[in-house]
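Remarks on the structure that follows.
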Amino acid sequence: MQKYDHADLSDYDTETTIDTTIYALEPDAQQFEEKPIIDLFDEKQLKCLMDFLEFCSKQNELDSKSALGNLEKLKRIYIESEKR
């Protein structure tokens, strides 16, 4: 697997970084107050988001602590939704 420099993982037009995406996927964030994250994505999409966060949690160049926290929250929400 190719290793990327943190600067490579950004959109130069908007200066958006992968870390910004990690923060946006926080299940408790304001953007998910009206409609929970679990209701916005189907099962495949949720698994993809979890894979992305898992990848990010293992990268020293990214905010791995936030990625891991969001991954754990999302997994809990996903497991709870399966029980319904």
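So the number in the numbering used here is just where the residue sits in the sequence shown, counting from 1, plus 2.
Cβ coordinates follow ideal geometry from the N, Cα and C atoms, glycine included.
Note that the structure is predicted; figures quoted are calculated from it, not measured.
Span of the alpha helix (DSSP H), counted from its first residue to its last, around residue i
| i | result |
| --- | --- |
| residue 62 | Residue 62 -> no alpha helix (DSSP H), and no H or E assigned at all. |
| residue 21 | 20-26 |
| residue 44 | Premise fails: residue 44 is in no alpha helix (DSSP H) and is neither H nor E. |
Buried or exposed (CB count within 10 angstroms, at least 16 for buried), residue i
| i | result |
| --- | --- |
| residue 83 | exposed |
| residue 81 | exposed |
| residue 44 | exposed |
| residue 69 | buried |
Cα-Cα separation between residue i and residue j, rounded to whole angstroms
| i | j | result |
| --- | --- | --- |
| residue 41 | residue 62 | 31 Å |
| residue 66 | residue 38 | 23 Å |
| residue 25 | residue 52 | 13 Å |
| residue 79 | residue 57 | 19 Å |
| residue 34 | residue 60 | 25 Å |
| residue 28 | residue 85 | 22 Å |
| residue 4 | residue 22 | Low per-residue confidence applies at residue 4: pLDDT is 49, beneath 50, and the placement is therefore not dependable, though the value from the model is reported in the following sentence. Going from the Cα of residue 4 to the Cα of residue 22 covers about 21 Å. |
heavy atom of the ligand ATP below 7 Å from residue i C-beta
| i | result |
| --- | --- |
| residue 59 | Although the ligand ATP was asked about, the structure shown includes no ligands whatsoever. |
Beta carbon of residue i nearer than 8 Å to that of residue j
| i | j | result |
| --- | --- | --- |
| residue 72 | residue 55 | yes |
| residue 64 | residue 20 | yes |
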